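S.K.: Residues 1 to 407 (full-length UniProt numbering) are what the sequence shown spells out, left to right.
The beta carbon of each residue, even a glycine, is placed where N, CA and C say it ideally should be.
Nothing here was measured: the structure is a model prediction, and the numbers come from that model.
One structure follows; several queries about it will come next.
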Amino acid sequence: MDAALKKINLALQEAADAFEGPLNQHRLEHLQTLDSLPDKELWNLASQTIDLADRVIRKLQPPSLQLAESFLAYLDTKCLWAAVSHNIPDLLASGGPQPIEELAKKSGLQPIRLRQVMRVLHNNGIFEYDPSADTYSNSPSSAMLAKDHWTQWHRWVDLYGNENYKAAEGIPEAIEQGQTRCAAQIHYNTDEDMFRYFARQGLQDKFHKTLGAGAVAQAPGMMADYDWAELGDAVVLDVGGGGGDFITMLLRRHPSLRGALFELDSVIDMVKPKYQSPGGDFADVGHRMVEFHVGDFREEVPSYEVYTMKWCLHNWLDGDVVRILSAVRRAIKITPRARMVVIESVLKDGRSSRIWRFGDATMMSLANGQERTEAEWRDLAEKAGWEVASISPLRNAWAAAIELRPQ
Numbered sequence: 001m002d003a004a005l006k007k008i009n010l011a012l013q014e015a016a017d018a019f020e021g022p023l024n025q026h027r028l029e030h031l032q033t034l035d036s037l038p039d040k041e042l043w044n045l046a047s048q049t050i051d052l053a054d055r056v057i058r059k060l061q062p063p064s065l066q067l068a069e070s071f072l073a074y075l076d077t078k079c080l081w082a083a084v085s086h087n088i089p090d091l092l093a094s095g096g097p098q099p100i101e102e103l104a105k106k107s108g109l110q111p112i113r114l115r116q117v118m119r120v121l122h123n124n125g126i127f128e129y130d131p132s133a134d135t136y137s138n139s140p141s142s143a144m145l146a147k148d149h150w151t152q153w154h155r156w157v158d159l160y161g162n163e164n165y166k167a168a169e170g171i172p173e174a175i176e177q178g179q180t181r182c183a184a185q186i187h188y189n190t191d192e193d194m195f196r197y198f199a200r201q202g203l204q205d206k207f208h209k210t211l212g213a214g215a216v217a218q219a220p221g222m223m224a225d226y227d228w229a230e231l232g233d234a235v236v237l238d239v240g241g242g243g244g245d246f247i248t249m250l251l252r253r254h255p256s257l258r259g260a261l262f263e264l265d266s267v268i269d270m271v272k273p274k275y276q277s278p279g280g281d282f283a284d285v286g287h288r289m290v291e292f293h294v295g296d297f298r299e300e301v302p303s304y305e306v307y308t309m310k311w312c313l314h315n316w317l318d319g320d321v322v323r324i325l326s327a328v329r330r331a332i333k334i335t336p337r338a339r340m341v342v343i344e345s346v347l348k349d350g351r352s353s354r355i356w357r358f359g360d361a362t363m364m365s366l367a368n369g370q371e372r373t374e375a376e377w378r379d380l381a382e383k384a385g386w387e388v389a390s391i392s393p394l395r396n397a398w399a400a401a402i403e404l405r406p407q
C-alpha cells in the first residue's frame with residue numbers, strides 16, 4: 001500500500017509541477033481557455049484523467065470527509081454568491097491582484113469575513129491566491145463571473161444560488177411515494193409549473209436571461225461539434241426555444257439557414273420585439289425568422305423539415321417525452337435532410353460528467369423532470385418513431401447533440 005501511494009504521489013507531484021510550470025501557458029491556451037474551445041483531443045484526455053483521479057481519491061478519502069463534502073456543499077454555493085453579489089470578480093478584473101484589505105474596502109465588506117469566503121473559493125479553484133504576496137487575482141473560473149464577461153455566468157450563480165437553492169429545500173418531501181408536486185412547488189407552495197410561477201412573480205425575464213446566457217456561453221461547442229452545415233438552406237424550427245438565443249446563434253453562424261420559433265404566448269410576446277424592433281438584440285437576423293408559433297408542443301407542432309429542441313425534454317417524464325417526440329414525428333416533412341436535433345444531457349458516471357447529474361437533480365427539483373442515459377434516449381426515440389443517428393459530445397457545454405432521424 002505504501003509503495004503504491006508513494007508512486008501516485010510522485011506522479012502527481014511531477015504533473016502538478018509541469019502544469020504550474022513549463023506547461024502552464026499551453027494549458028491556459030489549449031485547455032482552460034476563456035474565449036475559445038479547448039483542443040478536442042486534450043479535452044477528451046483531460047476528462048479521462050479527471051475521472052481516473054477521482055476514482056483514486058474516493059478510494060483514499062476518509063468516509064466521514066466524503067459525507068461532509070456533501071452536507072457542507074451549501075457553503076460553496078453561498079460563498080460563491082457572496083463573492084459575485086459583492087462584485088469581487090469585477091474588482092479583480094479591473095484592478096488586478098489585490099490584498100483582502102483592499103478588496104474589502106472597495107466592496108464595503110469586513111476583511112476577516114471576506115477572507116473566510118475567499119479561502120473557501122480559492123481552494124475550489126475559483127480565484128487565485130498568492131500566499132507570498134497575500135493577494136488574490138482571478139482564476140480562469142472566476143474571470144468568467146465578471147458582469148461584463150460575454151459568458152454571463154454570474155446570472156447562473158444568482159438564479160441557482162437563490163431561487164433554485166430555495167426550491168431544493170422541497171426535495172425530501174418531493175420524493176415521497178404519492179407526491180405529485182416537485183420540490184419547487186412544495187417550497188413555493190404552488191400548483192403552477194415553475195415557468196408560469198416565475199412569470200407571475202416577475203422572474204420570467206431573469207429566468208430566460210439566465211438560460212439565454214447559458215446558451216451563449218455554451219454556444220461555441222454547440223455550434224462547432226455538430227455538423228450544422230449539412231442543413232444547407234433549411235428552415236429550422238426551434239421548439240421551446242425560450243428567449244431565442246439558440247436559434248439566433250445558429251442563424252448568425254450559418255447565413256444560408258432560416259429560422260422559426262415555437263413557444264408559449266407569453267414568451268413569444270417577449271421575444272418578437274428582439275427580432276422585429278429597430279435596434280432589437282436579434283434584429284440582424286430578424287428578416288430570416290419566417291414565423292413565430294404559439295402552441296403546446298405535446299399536442300401539435302407546425303410542419304417543418306428540421307427541428308431543434310434544447311433543454312426542453314428534460315422538463316418532462318417519459319410519457320410526455322414520447323408524446324412530444326411523436327408530435328414532431330407526425331409533423332416532419334420527409335426529405336433526405338429531415339431530422340430533429342435534441343440538445344440535452346446524456347447521463348453517465350464519472351466526475352467529468354457530474355454536471356449532468358446535478359442537472360438531473362435540478363430537473364427533478366424544478367420541473368418533475370429528469371436527464372437521461374444514452375440507452376434511455378434510444379428507447380424513447382424508438383417509441384416515438386425515431387432512431388438515434390448520432391450523439392455528438394459538445395465541448396464546454398452541459399449537453400450533447402442527439403440527432404434523431406425518422407424511422
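If you reduce the DSSP assignment to three classes, tell me which class residue 188 lands in.
M.R.: Residue state, collapsed to three classes: helix.
S.K.: Which residue from 362, 342, 393 puts its Cα closest to that of residue 352?
M.R.: It is 393.
S.K.: Can you tell me the Cβ-Cβ gap for residue 396 and residue 221, rounded? I've got them flagged as a contact below 8 Å.
M.R.: Between residue 221 and residue 396 the Cβ distance is about 5 Å, and since that is below 8 Å, they are a contact.
S.K.: Between which two residues does the alpha helix (DSSP H) carrying residue 292 extend?
M.R.: Element bounds for residue 292: not the alpha helix (DSSP H) but the beta strand (DSSP E), 289-294.
S.K.: Distance check for residue 24 and residue 115, CA to CA, integer angstroms please.
M.R.: Straight-line Cα distance between these residues: approximately 27 Å.
S.K.: Measuring alpha carbon to alpha carbon, tell me which residue in 99, 291, 103, 92 is nearest residue 141.
M.R.: Nearest C-alpha to residue 141: 92.
S.K.: Does DSSP classify residue 386 as helix, strand or coil?
M.R.: Looking at residue 386 - three-state DSSP - the assignment turns out to be strand.
S.K.: Which partner residues of residue 257 appear in the DSSP bridge assignment?
M.R.: Residue 257 pairs with nothing; no bridge assigned.
S.K.: If residue 211 sits next to residue 316, beta carbons under 8 Å apart, how far is it from one beta carbon to the other, in whole angstroms?
M.R.: 16 Å between Cβ atoms; not a contact.
S.K.: Can you list, in chain order, the stretches of the beta strand (DSSP E) that have 3 or more residues and sit fully within the UniProt domain "O-methyltransferase dimerisation" (71-147)?
M.R.: The UniProt domain "O-methyltransferase dimerisation" (71-147) contains these whole beta strand (DSSP E) runs: 128-130, 135-137.
S.K.: Return the residue from the list 364, 276, 143 that minimises the CA-CA distance to residue 318.
M.R.: If we check each option's Cα against that of residue 318, 364 comes out closest.
S.K.: Along the beta strand (DSSP E) that carries residue 339, what are the first and last residues, could you check?
M.R.: Per DSSP, residue 339 belongs to the beta strand (DSSP E) from 339-344.
S.K.: Tell whether a beta-carbon distance below 7 Å holds between residue 332 and residue 298.
M.R.: Going by C-beta atoms, residue 332 is not nearer than 7 Å to residue 298.
S.K.: Buried or exposed: residue 3, going by 16 or more other Cβ atoms within 10 Å of its Cβ?
M.R.: Burial call: exposed.
S.K.: Would DSSP call residue 54 helix, strand or coil?
M.R.: Correct three-state label for residue 54: helix.
S.K.: Decide if the region 170-179 is in contact with the region 215-235; the criterion is three or more beta carbon pairs, one per stretch, under 8 Å apart.
M.R.: The region 170-179 vs the region 215-235: no contact.
S.K.: May I ask you to verify whether the region 128-137 touches the region 87-104, counting CB pairs closer than 8 Å and requiring at least 3?
M.R.: Verdict: yes, contact present.
S.K.: Would you tell me roughly how many angstroms separate the C-alpha atoms of residue 262 and residue 35, rounded to the nearest one?
M.R.: Distance between the alpha carbons of residue 262 and residue 35 is about 31 Å.
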